[in-house]
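Residue numbers (the numbering used here): 39 to 93. These notes are about the structure you will find just below.
Structure, rendered in structure tokens:
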């Protein structure tokens, strides 16, 4: 949490460059695609992921 620059620095320090490259490319491809999830689909998907994570 914090200002935007601080958040980017935190992610940059935590994510390896090769992984960050592929993650950014996936996000870019998703944003450029015609297939977008609705808000309801995202909320439904997040709940199923969160409930499957070990504590």
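Ideal placement from N, C-alpha and C gives every residue a C-beta, glycine not left out.
Asked                                                                                                   : Found
What is the DSSP secondary structure of residue 80, reduced to helix, strand or coil?                   : helix
Specify, as a first and last residue, the run of the alpha helix (DSSP H) that residue 66 falls within. : 55-70
Quick one: Cα of residue 73 to Cα of residue 42, how far?                                               : 28 Å
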